[in-house]
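In my numbering, the protein residues as written are 1 to 144. Using N, Cα and C, we set each Cβ at its ideal position, and we do this for glycine too. The block underneath contains the structure these notes are about, expressed in structure tokens.
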């Protein structure tokens, strides 16, 4: 009688094992992301540089992003290579140079303003009501 009950479960156990194996082979590895408001994400591109995408995978702001911060529905930052390249973490706010270009993304409306100089960027942040003490920081490295 014991053999009979084992033989009843064997097909179901094999089917379950086959299904789990098939699912694990068919699933793509998860892409690392930093979640932003309203379905936007910071994620690495093929060169391991940060970029902003919209849910569904469409690139909104191609990398590299040197630094960024989110406040409410606003994501603001600087374009270019992150100054922490080769280091794990920087707790210092990003200080751009005279040629640094900046961006502002309103995640509620989807409006992106890019390639702003420092003065335009600060004026636009003030005009949209972003906190006056908003500081941007370099992203953490995606691998290491």
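For residue 32, same chain residues with a beta-carbon under 7 angstroms away, outside a window of 5 residues either side, are 43, 44, 142 in chain order. Taking a cut-off of 8 angstroms on C-beta distances, the segment 69-82 touches the segment 129-137, as three or more cross pairs fall below it.
For residue 97, the closest of 80, 107, 111, 109 by C-alpha to C-alpha distance is 80. Rounded to the nearest angstrom, the Cβ distance from residue 105 to residue 61 is 7 angstroms, consistent with a contact under 8 angstroms. 120 is the residue among 91, 120, 92 whose C-alpha sits nearest the C-alpha of residue 101. Unbroken beta strand (DSSP E) stretches of 3 residues or longer found wholly inside the segment 31-105: 40-44, 50-54, 58-61, 65-71, 74-79, given in chain order.
DSSP places residue 116 inside the beta strand (DSSP E), whose first and last residues are 111-116.
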